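Reading through the structure tokens given below for one structure.
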Amino acid sequence: MVAFAGASRALRCAVGIQRAVRDHCVKHPEQEFAVHVGLHAGETIRERDDFLGRTVILASRITAAASADEVLVSSLLKELTDGTGEFSFGPVREVSLKGISQPQRVFPVEWEETVAAW
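Position 13, counted from 1, in the sequence shown is what the working numbering calls 127; the numbers after and before it change by one each time, with no gaps.
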């Protein structure tokens, strides 16, 4: 888990990670692997070097819903970053997440087409 001071910073990092993994796998096909990333924004509880709370749980569940090579974001994170022009998003998906009573709207980030770089 990684925490950021802003939604755009988090999304730039996620895009950068996916691009770095892709580039590594192209250069070293014998070491191929994939990463899936889920992002959400909100208040957290900080205890020493750890973050807790509903925001963290929701981000974890979104990560679990993401496919290999995918960055999946909550509707709130999309709303916070949509107006920057840095990111492209795919169509909305409704997903049921473990421990969350209502289905959540999530958006895949089209990170290969996104302008932002880490």
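Note that CB positions come from ideal geometry on N, CA and C, so glycine has one too.
Note that the structure is a prediction, hence the values are computed from the model and not measured.
Status (buried if at least 16 other CB within 10 Å, exposed otherwise) for residue i
i	result
R175	buried
L125	buried
K141	exposed
Whole-angstrom distance between residue j and residue i, CA atom to CA atom
i	j	result
S210	Q216	7 angstroms
S188	A173	8 angstroms
A178	F201	22 angstroms
E224	R162	34 angstroms
G130	L190	21 angstroms
C127	A180	16 angstroms
Residue interval of the alpha helix (DSSP H) (run including residue i)
i	result
S122	A121 to K141
I171	R168 to A179
Residues near residue i in its chain [Cβ-Cβ closer than 6 angstroms; skip 5 each side]
i	result
G156	T169
C139	E146
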